[in-house]
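In terms of my numbering, the sequence shown opens at residue 898 and continues consecutively.
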Amino acid sequence: MRKVEHIGIAVKSMSSANELFSKLFGKKAYKSEKVEREGVTTTFFQMGETKIELLEATTPDSPIAKFIEKKGEGIHHLAYEVDDITAEMARLEKEGFTLLNKEPQKGADNKLICFLHPKSTNGVLVELCQESKDGM
Ligand code: ZN
């Protein structure tokens, strides 16, 4: 793994969170994107080499809605950049980590992603992400 690519924060209301984080960071989000399959709307702030991703549920049964129900708003996941997500998934599975996706998924921000179960990573939901190559 190369670096923390972004930190995901679950929010109840994107419009008020967007306003709050814009004030906090002193700059605007560079991108907002709906990921239908994951049931989320995402908003990204560039913070040097890393990013902050705000996540709002689009449906009541979205994983983000369930997360907020259980734990409240707050840090939802840490995303690490990898060069080859398929190879990294195979390596981590061999090491005994529980992958939540069998295949890389298409995530926000033009990424291929895979989540690891927080039970196998000390309670922290981990996302692997690889820059999506053209044609994928
Ligand atoms: Zn993420």
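Ideal placement from N, C-alpha and C gives every residue a C-beta, glycine not left out.
Strand pairing of residue i, partner residues [DSSP]
{"i": "Val901", "result": "Tyr977"}
{"i": "Phe1012", "result": "Glu1024"}
{"i": "Thr947", "result": "Met944"}
{"i": "Ile906", "result": "Leu951 and Ile972"}
{"i": "Glu933", "result": "Glu933 pairs with nothing; no bridge assigned."}
Selection from the options that minimises the alpha carbon distance to residue i
{"i": "Asn1007", "options": "Lys931, Glu916, Glu970 and Ser910", "result": "Lys931"}
{"i": "Glu992", "options": "Thr947, Asp958, Leu1013 and Tyr977", "result": "Leu1013"}
{"i": "Lys967", "options": "Ala907, His903 and Lys1030", "result": "Ala907"}
{"i": "Phe918", "options": "Arg988, Lys900, Thr940 and His903", "result": "Thr940"}
{"i": "Leu1009", "options": "Thr995, Thr947 and Asp981", "result": "Asp981"}
{"i": "Phe928", "options": "Leu975, Met944 and Glu1024", "result": "Per the sequence shown, the amino acid found at residue 928 is Lys instead of Phe. Of the listed residues, the one whose Cα sits closest to Lys928 is Met944."}
{"i": "Lys900", "options": "Leu996, Glu1028 and Val979", "result": "Val979"}
{"i": "Ile904", "options": "Val937, Leu951 and Ala914", "result": "Leu951"}
Residue i in three-state terms, based on DSSP
{"i": "Thr940", "result": "strand"}
{"i": "Arg988", "result": "helix"}
{"i": "Glu970", "result": "coil"}
{"i": "Glu916", "result": "helix"}
Nearest-angstrom Cβ-Cβ length linking residue i and residue j, presumed shorter than 8 Å
{"i": "Asn1019", "j": "Cys1011", "result": "With a Cβ gap of about 18 Å, Asn1019 and Cys1011 do not count as contacting."}
Interface flag, residue i vs chain B, CB-CB below 8 Å
{"i": "Gly936", "result": "Looking at the structure shown, chain B is missing, and only one protein chain is on hand."}
request  = Please list, in chain order, all residues with a C-beta atom less than 6 Å from at least one heavy atom of the ligand ZN.
outcome  = His903, Gly905, Glu950, His974, Ala976 and Glu1024
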